[in-house]
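Each protein sequence line maps, in turn, to chains A and B.
Position one of the first sequence corresponds to residue 1 (the working numbering), numbered consecutively onward.
Position one of the second sequence corresponds to residue 317 (the working numbering), numbered consecutively onward.
Here a beta-carbon is modelled for each residue, glycine too, at the ideal position from N, C-alpha and C.
All remarks here apply to the structure that follows.
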Amino acid sequence: MRMSKTKVLTGKKKKSTGWKSYIPFYLMALPGLIYFFINNYMPMGGLIVAFKSYSAKKGIWGSDWARFNNFRYLFMTNEAFNITRNTLLYNVAFIICGTFLAVTVAILLNEIRSKKASRLYQSVYLLPHLVSWVIISYLAYAFLSADTGFINNTILKLFGGKVINWYNSPKYWPVIIVIVYLWQSVGYTTIVYFASVVGFDRGYYEAAELEGAGTWKKIKYITLPLLKPTIITMVLLAVGKIFYSDFGLFYQVPMNAGALYPTTNVIDTFVYRGLMQQNNIGMSAAAGLYQSVVGFIIVIAANLLVRKIDKDSSFI
Amino acid sequence: MRRKILSVLLTAAVLLGLIGCGNGSTVDTGSDSKAESGNVNTEADSKQKEYAQLVVAFRTAGAIPTEQAIDTIEEEINKITRDEIGAEVELMIIANGSYVSQMNLMLTGDEQIDVLGASRSMMPTIYAAEQIRPLQELLDEYGQGIKEVLGEDLLSCGAFHNELYAIPIKCDSACGYGTFALRTDLCKKYNIDAESIDTYEELTEVFQTIKDNEPEMTIVGSGSAGQSFLQYSITWDNLSDNYGVLENHGQELTVTNLFESDGYKEYLRVIRDWYVRGFISNDITSSTESSATIMKAGNLFAYATANKPGIKTQEESNTGGIEVEICQVLPTFTVTGNIWQWTIPTSSKYPEEAMQFLNLMYTNADVLNLITYGIEGQDYVVKEDGTIYYPDGLGATTVPYSMQGMNWSFGNEFNGHVWYGNAPDIWEQTAEWNKTGLVSEAYGFVFDSGSVANEKAAVQNIYDQYRMSLECGLVDYEEVLDEMNEKLYAAGLQTIIDEKQKQLDEWAESNSKN
């Protein structure tokens, strides 16, 4: 009896000192926690609007319940399927192509001997990341414009191809969007990979050279295996955001052209158009809630999968 | 020690970075407009307390005047309103392009707006969300002048389900469809008499002449960016949104599907023909510039517009002085237009004064001229023939205050000055013009889409995917029209048509039509 009591007491004591020693860390986390609470948790109350037929006069609480009425328009056509598919497939394409390209570029950069040249290339690759989507959309327009665009006027003319009305042909856009995305983003992710590659112990490479390994073998047997944890982390971070889409990319770059909706409409642009055109916040909230629920399910599923493959890298 | 300081600094930097990111991602237009209107309110509060402070919101296509210029105008208007209605006004002038979204956000945020100018596209939604007040009682008490100016028929265009929610404007209600502005210099060069063009066939011939002789030129534009030719080419009463229409100029009250009608197919046939002949730019669907701007740049021969008295002057001001001839190939036609209306939002603090102000705007020429053209001598001068123009040395972009391009939107343009270049008797001409042409049997009917909001959203989504490419002739309508109709029906078009018919029947009964 006595013993157990002291045990409990000491246990408590240990615990409290433990907790106290963490206070500075909690304090450090506090601004972040407050931010998360205000920005990410408080607005969740607004989800109730998705189930209301909103009236400004009656306010959010006073408005009549609409049950699932606000969700109907999503499922009346195959719109919900369409935007979900677009969002998912684009992100999967971004993750695969983006990782592949960024790793390749990082390794290639590492092979460049001249420091000056290597720096120059880094900056050049990074530059598009700093350009606004509105400007990028006009750069793309300079290429794709039907009458005056570079592709129709120069490239296709050169090969005698027929003029293509890019902003009217949804089938080309999955490729265009991925290319534009890679052009814009690859410099940024490259830097992350390049930073790890530069940090690898030169000793491995020197040993390999003594053994007679060529450049390709060094990449295959040293660089890539060492890069694996970084790649997994980066991919996981991307998977966590797999249900979010870069609004600027999907709204600005296709010039908001209606004909392109089937292949460029993603959940974010869909919700935006809904709110701006229909001014129906109930229906917009419904689409937002749909995005969150499906996104939640997909992230949990992806995480389960990752845990099976590599337990240390999963979030939960 | 040094290392410690360094680590503290680093931590601080990371934290600041985080907070910075947080701010960055939470800023949206909503909070922007909130902040703005907050300022407006505090400013208003700091003025004398005994007058009601009315916030009057409307849009402009031109430059937004400076704060100072607006203050001057407000002060002049207040000199009148203080005595007449015991109120002061605060003008909230917003650029055309962002007006609808900004107003939607402000209304959703319950910001104080007392008098709100509402475009056609805003009306059904702000009505459905109960963001505007019913006006009949206020009108009966304070709006005798408005009643006299508008008359019963026009006033009923502001009603939903026979209940008044908006005050329509009195302007050129008849609209000359199938109207095109053609460049005068080229017309002269190729001996084209614009006035004698009466049909699409003749117009096509004219376009072909220009195309043959000026092969590098784009022949015809649709008027405004993001719009097809359809808005200026209707031969049906579109009943506010084209989903369910009255064919043949609305002479019978049977709602049908526009996209299966002969009128629509005829329109598509003409436009497709033009596209195939190379009259229409391939870039028309993604262009962000109005046709007038493109003509100003020099490579466009004609564009679509809507005919009315003074149209030539209006278009020549849009093209920056390039002279144009006007031709019209479809009948003049009057439908419930409601291109612009005045409402009193639920968020208004002073609805009674708001209605009194509207009454003043519709009846008092001084108030109308101040809000439209600014102050005489400073913002405009009166010419010999009685028309007005910018003072010497000033123009559209340099004048302190001018809503000249929006002069039709302030209720009763017939009361205001006439802009230079127009006939001094333009308002008499307009009054005559409004009596010409066909009038839809459903004139005065306004559709309330609230009960079919889901269907409308779904249908709109489908229609948007086809609209521009189909209605600008880029795709062959014979191939895609059936497919589009199929999808539209699947999205609930028939439900909208049925609901429209139901409301129309109710309206017809209470207005004893038939």
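| query | result |
| --- | --- |
| Residue closest to W65(A), alpha-carbon to alpha-carbon, out of V49(A), T77(A) and F75(A) | V49(A) |
| The segment 545-552 of chain B contacting the segment 631-639 of chain B, beta-carbon criterion three pairs below 8 Å | no |
| Cβ neighbours of Y204(A) in the same chain (closer than 6 Å, five flanking residues each side left out) | I222 |
| Three-state secondary structure assigned by DSSP to Y736(B) | strand |
| Selection of the segment 143-171 of chain A by Cβ proximity to chain B, strictly under 9 Å | L144, S145, A146, D147, T148, G149, N152, V163, N165, W166, Y167, N168 and P170 |
| Neighbouring residues, chain B, relative to S55(A) (Cβ below 7 Å) | A445 and E446 |
| Helix, strand or coil at L304(A) [DSSP, three-state] | helix |
| Residue from V197(A), I242(A) and W173(A) whose Cα sits closest to the Cα of E111(A) | V197(A) |
| Endpoints, the alpha helix (DSSP H) within which N554(B) is located | From DSSP, N554(B) is part of no alpha helix (DSSP H); its letter is neither H nor E. |
| Inter-residue spacing [alpha-carbon to alpha-carbon] between R375(B) and T148(A) | 34 Å |
| Under the three-state DSSP convention, the category V431(B) falls into | strand |
| Where I642(B) falls: helix, strand or coil (DSSP) | strand |
| Inter-residue CB distance, K486(B) and L466(B) (contact presumed, cutoff 8 Å) | 6 Å |
| DSSP bridge partner residues for G808(B) (one or two, in chain order) | BP columns for G808(B) are empty, so no partner. |
| Per-residue contacts from Y261(A) into chain B (C-beta, under 8 Å) | N777, D780 and Q781 |
| Burial state of S538(B) (16 or more Cβ within 10 Å) | buried |
| Burial state of F37(A) (16 or more Cβ within 10 Å) | exposed |
| Below-7 Å beta-carbon distance, R72(A) vs any chain D residue | Annotation note: the requested chain D is absent from the structure, which comprises protein chains A and B. |
| Alpha helix (DSSP H) runs wholly inside the segment 592-672 of chain B, at least 4 long, in chain order | 607-613 and 627-634 |
| Alpha carbon of K803(B) to alpha carbon of G46(A), nearest angstrom | 33 Å |
| Close Cβ partners of G377(A) (< 6 Å) along its chain, the five nearest in sequence each way excluded | Outside the modelled stretch of chain A, which goes from 1 to 316, sits residue 377(A), for which no answer is possible. |
| Chain A contact for M533(B) (CB, 7 Å cutoff) | no |
| Sheet register partners of W65(A) (DSSP bridge) | K52(A) |
| Neighbour list for I281(A) in chain B, Cβ cutoff strictly below 7 Å | T424 |
| CB contact below 7 Å: A257(A) versus chain B | yes |
| Bridge partners - Q369(B), DSSP secondary structure assignment | E404(B) |
| The segment 164-180 of chain A / the segment 59-77 of chain A touching (three or more Cβ pairs under 8 Å) | no |
| The segment 736-745 of chain B contacting the segment 645-665 of chain B, beta-carbon criterion three pairs below 8 Å | no |
| Chain-ordered neighbours of G599(B) on chain A, where CB pairs are closer than 8 Å | The identity of residue 599(B) in the sequence shown is Asp, whereas the question assumes Gly. Ordered by position in chain A, the residues that pass the 8 Å Cβ test against D599(B) are S145, A146, D147, T148 and Y167. |
| Cβ-based burial, T342(B) [other Cβ within 10 Å; buried from 16] | A caution first: T342(B) carries a pLDDT of 37, below 50, which makes its placement in the model too unreliable to give a value. |
| CB contact check: A618(B) to chain A, cutoff 7 Å | no |
| Residues that R375(B) bridges to, as DSSP identifies them | I410(B) |
| Proximity of A670(B) and V431(B) at Cβ, strictly below 7 Å | yes |
| Stretch-stretch touch, CB-based, cutoff 8 Å, three pairs: the segment 635-646 of chain B with the segment 751-768 of chain B | no |
| Proximity test, Cβ basis, 7 Å: E79(A) and chain B | yes |
| Amino acids of chain B, ordered along the chain, whose beta-carbon sits closer than 8 Å to that of M276(A) | V416, S417 and N420 |
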